[in-house]
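Numbering (the numbering used here), first residue to last: 1322 to 1514.
No residue lacks a Cβ here, since even glycine has one placed at the ideal position from N, Cα and C.
None of the values given here were measured: they were computed from a predicted structure.
Take a look at the structure below.
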């Protein structure tokens, strides 16, 4: 079985390790865990991991967030992966920092990456793992907030959540989204002080 794991983010050093790029950080961790490496390819940096008879095509789109769907559609088609074997990892302002949420589909909730994916795939029914980044910012400062780096006090929670995301990716491939959701639809981590 093949799976496409897509971490959302923006290319460029200025975006590295920001809240908006958490999808990249999660897939970096997953690929390192499986001792693989990324290579630059069409529309994305791509890695291939094998685990327990499963093949993971892991991508970090190089299209920038607003065109993520273009890269995801290309790699689904190229690798002949069904949409139900796609898992998208992204930041979510609506969730507190201590929460991860796995969903089989749903609205884009204003997230430009998800809007692009929905437009490219013609559906909003594809699995996604939302990584809560909180919403502790002054009115009108949303863009600055999502493009900011993590605070020192947040880093331990972020690291624990990244590690758990890699576990969830493995569960998604081994037992399916329905059973993975029963276990981890919404995971809460120790509150950030």
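| Asked | Found |
| --- | --- |
| Contact under 8 Å by Cβ, residue 1475 with residue 1421 | no |
| Meets three-Cβ-pair contact criterion under 8 Å: the stretch 1336-1349 and the stretch 1474-1488 | yes |
| Touch test, the stretch 1383-1398 against the stretch 1460-1467, Cβ-Cβ under 8 Å, three pairs minimum | no |
| Residue interval of the alpha helix (DSSP H) (run including residue 1369) | Careful: residue 1369 lies outside any alpha helix (DSSP H), inside the beta strand (DSSP E) at 1365-1372. |
| Three-pair Cβ contact test at 8 Å for the stretch 1322-1339 versus the stretch 1439-1446 | no |
| Coil, strand or helix - residue 1456 by DSSP | coil |
| Three-state secondary structure (DSSP) of residue 1401 | coil |
| Residues near residue 1364 by beta carbon distance below 7 Å, same chain, minus five either side | 1382, 1383, 1384, 1391, 1392 and 1395 |
| CB contact flag (residue 1489, residue 1501, <8 Å) | yes |
| Check whether residue 1326 and residue 1414 have beta carbons under 8 Å apart | no |
| Residue 1387 burial status per 10 Å Cβ neighbour count (16 or more: buried) | exposed |
| Inside the stretch 1430-1455 only - alpha helix (DSSP H) runs reaching at least 4 residues | 1433-1442 |
| Bridge partners - residue 1412, DSSP secondary structure assignment | 1452 |
| Exposed unless 16 or more other CB atoms sit within 10 angstroms - verdict on residue 1412 | buried |
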